[in-house]
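K.L.:
Structure in structure tokens, see below.
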Amino acid sequence: MTHHISSPATGSPSRATLWLFLLLVLVVVLGLCSLNVGASRMNLLNVFGADPDDRISKLLFVSRLPRTVALILAGAALAVAGAILQMMARNRLVDTSTTGPMEAAALGMLVLAIVVPQGLPLWARFLVVSSFAAGGILLFLGVLKRMPLRSALIVPLVGLVMAAVVHAGSGLLAHHFDLSQSLRAWGSGDFSAVLRGRYELLWIAAVLTVAAMLLADRFTVIGMGRDFATNVGVNYTRLLAAGVVLVSLIVGSVVVTAGVIPFIGLVAPNLVRLITGDNLRRAIPLIALMGAALLLCADLLGRLLIHPYEVPSSNILSIGGCLIFLGILLHGRSRWA
Amino acid sequence: MIETHAVSKRYGDTLVVDNVSLSIPRGGFTSIIGPNGAGKSTLLSMISRLTPMSSGSVMVDGLDVTRTPGNVLARRLSILRQDNQTSLRLTVRDLVAFGRFPHSGGRLTAEDHRHVDEAMEYLRLDAYRDRPIDELSGGQRQRAYVAMVMCQDTEYVLLDEPLNNIDMRFAVDMMQLLRRAADEKGKTVVVVLHDINFASCYSDHIIAMRQGKPAYQGTPQEIIRDEVLRDLYEMDIGVHEVDGQRICVYFRKG
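Just so you know, the protein sequences line up as chains A and B, in that order.
Every letter in the first sequence is one number past the one before it in our numbering, and letter 213, counting from 1, is 213.
Every letter in the second sequence is one number past the one before it in our numbering, and letter 138, counting from 1, is 475.
What follows is the structure in structure tokens.
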């Protein structure tokens with residue numbers, strides 16, 4: 001299949017604006033659905049009706065709304081983190097969940113559980129786990145830098161190997177300390193345990209997402225390579241460092257809150273690429289909305305499939321993300337570098 | 338003025354650029370020619386701070402290129418290298434507009450748009466403005482990159498093999514354009530060229546490199562000569578005066 005999206009409109013702003021609007025509507029609709037679905041029956045109308053039901057508004061504000069907000073923030077942030085990592089690695093087939101950072105963050109959770117079983121304050125856990133994620137990114141980029149041949153397909157493969165190595169290391173460690181079950185729980189993230197007071201970390205991810213939008217042009221320049229960036233006066237090394245900080249803090253906040261959430265950072269940017277191309281100035285808002293929509297969708301499906309029980313959204317994403325991504329690969333061009 | 342002071346580049350035991358001190362005056366068109374492996378591209382990319390020097394220093398209008406902030410230098414000197422591979426899906430106009438990044442940091446002003454449009458028109462890219470660069474032919478893409486560097490609108494414009502992948506018509510267009518940039522806008526154009534006939538026809542000044550050093554420097558009349566070229570390329574090259582241009586003929590031996 002060599003068919004590809006017709007190109008003349010790729011960069012047109014009106015097309016981007018149209019999609020921005022469509023995705024915004026999609027996120028709002030999915031968000032409302034997400035508020036309405038759950039183990040106990042609830043109708044949104046009852047909350048704002050003439051005779052407000054106290055039990056229901058409590059459910060809404062303590063459980064449902066935090067969960068929906070968490071899904072939107074985490075989905076948007078992970079998608080943007082994926083896009084930035086792709087620019088830093090100069091490869092569209094990588095993501096935080098397929099190159100090591102997410103696995104490294106899960107390892108961080110494990111190390112915390114071993115070293116300080118009594119637990120640390122939330123912010124401290126967040127910082128430790130984010131540092132592990134940063135280690136994962138640096139390891140991946142470091143190995144890439146030393147590779148003489150960076151073909152389009154070798155890069156994601158190296159990422160997969162790195163992720164698998166980190167994952168295996170965590171597995172060994174967890175087995176030794178009898179924490180395999182906890183590791184499995186962090187490894188398959190979901191948002192069922194999100195309540196008011198347990199998701200606020202994700203507002204940091206939201207701030208970082210906005211920061212990434214402000215640096216969008218610079219990250220596109222980075223994606224064009226070191227020489228290109230140097231020529232237009234962008235400090236390549238400094239921006240790479242900023243990217244590592246942004247991505248690792250986003251990964252850290254999501255893993256501490258919900259666990260490992262795969263594929264969003266891979267699928268969302270690649271879907272948006274088909275719509276508007278790679279100029280992040282135009283693409284980042286779409287990528288964020290696409291990520292939010294994908295995670296909302298996965299979470300909804302997880303809640304509906306075996307209602308009233310739940311399938312973790314990460315499981316849904318692993319299956320769905322794989323399929324969507326295969327679709328993009330087959331639908332798209334043969335040149336993926 | 339561009340001045341290099343005792344610039345060397347060493348990769349392991351190989352000395353690629355060997356203790357080069359030269360100066361390129363402000364204004365005019367300078368070509369760097371020489372056989373493969375003479376160190377032309379490496380010298381150019383050290384002058385433009387893309388490749389770190391093993392030793393020596395480079396000054397551009399008195400600014401040390403390794404110490405001057407990147408964005409200050411980016412408004413004074415632009416560089417286009419040979420291999421501009423990218424997998425990013427950017428439109429031609431987006432790419433060209435990045436040339437304005439050092440001036441406006443991404444928020445394009447009316448003046449920036451004027452520069453972008455002008456550069457696209459110069460390089461006859463209007464028909465492709467919304468095409469993604471990954472769908473262009475090699476020559477079209479090369480023109481898009483040159484347009485980007487042109488709209489960066491710097492005093493010094495450095496290009497490494499800008500005629501790569503380009504057919505004769507566009508090669509001539511491109512050289513005319515660079516010549517005009519030097520003549521009309523007073524730019525200092527420095528170009529690494531393989532085609533010595535283009536160097537002969539368009540340059541004010543030629544630097545001929547061999548084994549990491551400038552072997553000869555001078556006007557085309559001084560450099561494009563049988564004995565100089567024989568020494569440089571180790572082959573017989575006949576120089577003929579055709580319509581007032583010094584043309585090298587070397588396609589058949591003996």
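Cβ atoms here follow ideal geometry from the backbone N, Cα and C, with glycine treated the same way.
#1: Return helix, strand or coil for A/Thr2, following the three-state DSSP convention.
#2: Between the stretch 280-305 of chain A and chain B, which residues of the former have CB atoms less than 8 Å from a CB of the latter, in chain order?
#3: Following the continuous beta strand (DSSP E) through B/Leu352, name the residue where it begins and the one where it ends.
#4: Report the rounded CA-to-CA distance for A/Leu139 versus B/Ile543, giving the unit in angstroms.
#5: Are the Cβ atoms of A/Asp339 and A/Phe263 separated by less than 8 Å?
#6: So, does the CB of B/Thr428 fall closer than 8 Å to a CB anywhere in chain A?
#7: Three or more C-beta pairs under 8 Å: does that hold for the stretch 160-174 of chain A against the stretch 105-113 of chain A?
#8: Could you pull the DSSP bridge partners for B/Ser368 from this structure?
#9: Write down the C-beta distance between A/Leu301 and A/Leu71 rounded to the nearest angstrom, noting that I regard them as a contact closer than 8 Å.
#10: Examine chain A for any beta-carbon lying closer than 8 Å to the beta-carbon of B/Thr405, and answer yes or no.
#11: Could you check the C-alpha separation between B/Val288 and A/Leu249 for me, to the nearest Å?
#12: Using a Cβ-Cβ cut-off of 6 Å (strictly less than) and excluding sequence neighbours within five positions of A/Glu310, which residues of its own chain qualify?
#13: For A/Leu18, count the other beta carbons within 10 Å of its own beta carbon; 16 or more makes it buried, fewer makes it exposed. Which is it?
#14: To test your reading of the DSSP string, which unbroken beta strand (DSSP E) runs of 3 or more residues are found completely within the stretch 541-581 of chain B?
#15: Hey, A/Val251 and A/Ala79 are a contact pair by Cβ (cut 8 Å); roughly how many whole angstroms apart?
#16: Determine, using beta carbons only, whether A/Ile284 and A/Met224 come nearer to each other than 8 Å.
#17: Would you tell me roughly how many angstroms separate the C-alpha atoms of B/Asn502 and B/Thr525, rounded to the nearest one?
#18: Does the stretch 517-536 of chain B come close enough to the stretch 265-279 of chain A that 3 or more CB-CB pairs lie under 8 Å?
#19: Is it the case that the stretch 86-104 of chain A contacts the stretch 153-172 of chain A, given that we only count it when at least three CB pairs across the two stretches are under 8 Å?
#20: Since B/His285 sits in a beta bridge, which residues does DSSP pair it with?
#21: Can you find a CB in chain B that lies within less than 8 Å of the CB of A/Ala152?
#22: Can you tell me the Cα-Cα spacing of B/Leu410 and B/Val357, whole angstroms?
#23: Run through DSSP, which three-state label would B/Ser385 get?
#24: Compute the Euclidean distance between the alpha carbons of B/Val586 and B/His577, then round it to the nearest angstrom.
#25: In the DSSP assignment, what are the bridge partners of B/Tyr348?
#26: Run down chain E in chain order and give the residues with a C-beta less than 7 Å from the C-beta of A/Met224.
#27: Going straight from the alpha carbon of B/Asp431 to that of A/Asn279, what length do you get?
#28: Determine, using beta carbons only, whether B/Pro469 comes closer than 8 Å to chain A.
#29: Taking only three categories from DSSP, how would you classify A/Leu173?
#30: Does the beta carbon of A/Gly243 come closer than 8 Å to any beta carbon on chain B?
#31: Hey, A/Leu347 and A/Trp203 are a contact pair by Cβ (cut 8 Å); roughly how many whole angstroms apart?
#32: Which word fits A/Ala164, buried or exposed, when buried means at least 16 other C-beta atoms lie within 10 angstroms of its C-beta?
#33: Count the CB pairs spanning the stretch 533-541 of chain B and the stretch 364-379 of chain B that are closer than 8 Å, and state whether there are at least three.
#34: Using 8 Å as the threshold, is the C-beta distance between B/Pro439 and B/Arg480 below it?
#35: For the alpha helix (DSSP H) that B/Ile503 lies in, which residues bound it at each end?
#36: Find the nearest neighbour of B/Glu455 within the set B/Asp490, B/Gly399, B/Glu472, B/Asp467, judged by alpha-carbon distance.
P.N.:
Put simply:
#1: Taking the first sequence and counting its residues from 1, one reaches residue 2 of chain A at position 2. Since pLDDT at A/Thr2 reaches only 38, below the 50 mark, its modelled position is unreliable, and the value read off the structure follows with that caveat. Three-state DSSP puts A/Thr2 in coil, outside helix and strand.
#2: Arg281
#3: In the second sequence, residue 352 of chain B corresponds to position 15, counting from 1. Unbroken beta strand (DSSP E) run through B/Leu352: 351-361.
#4: Taking the first sequence and counting its residues from 1, the one referred to as residue 139 of chain A is at position 139. Taking the second sequence and counting its residues from 1, the one referred to as residue 543 of chain B is at position 206. Approximately 46 Å between the Cα atoms of the pair.
#5: With chain A represented from 1 up to 337, any question about residue 339 of chain A goes unanswered, as that position is not in the structure.
#6: For the purposes of this step, residue 428 of chain B is identified with residue 91 of the second sequence, where counting begins at 1. Under the Cβ criterion of 8 Å, B/Thr428 is counted among the residues facing chain A.
#7: yes
#8: For the purposes of this step, residue 368 of chain B is identified with residue 31 of the second sequence, where counting begins at 1. Here B/Ser368 is bridged, per DSSP, to B/Val528, B/Ile543.
#9: Reading the first sequence from its first residue, position 301 is the one you call residue 301 of chain A. Reading the first sequence from its first residue, position 71 is the one you call residue 71 of chain A. Not really, about 12 Å apart at Cβ, beyond 8 Å.
#10: Counting from 1 along the second sequence, the entry for residue 405 of chain B is found at position 68. So no, B/Thr405 is outside the interface.
#11: No statement about residue 288 of chain B is possible, as the shown extent of chain B runs from 338 to 591 and does not include it.
#12: Residue 310 of chain A sits at position 310 when you count from the first residue of the first sequence. Result list for A/Glu310: Ser192, Gly302, Arg303, in chain order.
#13: What you label residue 18 of chain A is simply residue 18 of the first sequence in a count that begins at 1. With fewer than 16 Cβ atoms within 10 Å of its Cβ, A/Leu18 is classed as exposed.
#14: 542-547, 550-555, 575-579
#15: The residue you call residue 251 of chain A lines up with position 251 of the first sequence. The residue you call residue 79 of chain A lines up with position 79 of the first sequence. In fact, because the Cβ distance is near 12 Å, the residues do not count as touching under 8 Å.
#16: Start at 1 with the first residue of the first sequence, and residue 284 of chain A comes out as number 284. Start at 1 with the first residue of the first sequence, and residue 224 of chain A comes out as number 224. In this structure, A/Met224 does not lie closer than 8 Å to A/Ile284 by Cβ.
#17: For this step, residue 502 of chain B is matched to residue 165 along the second sequence. For this step, residue 525 of chain B is matched to residue 188 along the second sequence. Roughly 24 Å between the two C-alpha positions.
#18: A contact is defined here as three or more CB-CB pairs under 8 Å, and the stretch 265-279 of chain A fails this definition with respect to the stretch 517-536 of chain B.
#19: yes
#20: Nothing in the structure corresponds to residue 285 of chain B, since chain B is present only between 338 and 591.
#21: Here residue 152 of chain A refers to the residue found at position 152 of the first sequence. Closer than 8 Å: yes.
#22: Along the second sequence, one-based indexing puts residue 410 of chain B at 73. Along the second sequence, one-based indexing puts residue 357 of chain B at 20. Cα-Cα distance, rounded: 22 Å.
#23: Residue mapping note: residue 385 of chain B aligns to position 48 of the second sequence, counting from 1. Coil at B/Ser385, not helix or strand.
#24: Here residue 586 of chain B corresponds to residue number 249 of the second sequence, with the count starting at 1. Here residue 577 of chain B corresponds to residue number 240 of the second sequence, with the count starting at 1. Spanning the two alpha carbons is a distance of roughly 7 Å.
#25: Against the second sequence, residue 348 of chain B aligns to sequence position 11. DSSP output for B/Tyr348 lists B/Thr351 as bridge partner(s).
#26: Structure shown: chain E not included; protein chains present are A and B.
#27: Start at 1 with the first residue of the second sequence, and residue 431 of chain B comes out as number 94. Start at 1 with the first residue of the first sequence, and residue 279 of chain A comes out as number 279. Taking the straight line from one Cα to the other gives about 8 Å.
#28: Counting from 1 along the second sequence, the entry for residue 469 of chain B is found at position 132. Chain A, which has a Cβ nearer than 8 Å to the Cβ of B/Pro469, makes this yes.
#29: Working through the first sequence from its first residue, we reach residue 173 of chain A at position 173. Note: A/Leu173 maps to helix in three-state DSSP.
#30: Along the first sequence, read from residue 1 onward, the residue named residue 243 of chain A stands at position 243. It does not; no Cβ of chain B falls within 8 Å.
#31: Missing from the structure shown is residue 347 of chain A; chain A here goes from 1 to 337 and no further.
#32: Position 164 of the first sequence, counted from the first residue, corresponds to residue 164 of chain A. Label assigned to A/Ala164: exposed.
#33: yes
#34: The residue given as residue 439 of chain B occupies position 102 in the second sequence. The residue given as residue 480 of chain B occupies position 143 in the second sequence. No, Cβ-Cβ distance for B/Pro439 and B/Arg480 is not below 8 Å.
#35: Residue mapping note: residue 503 of chain B aligns to position 166 of the second sequence, counting from 1. First-last for B/Ile503: undefined, no H or E at that position.
#36: Taking the second sequence and counting its residues from 1, the one referred to as residue 455 of chain B is at position 118. Closest option to B/Glu455, Cα to Cα, is B/Asp490.
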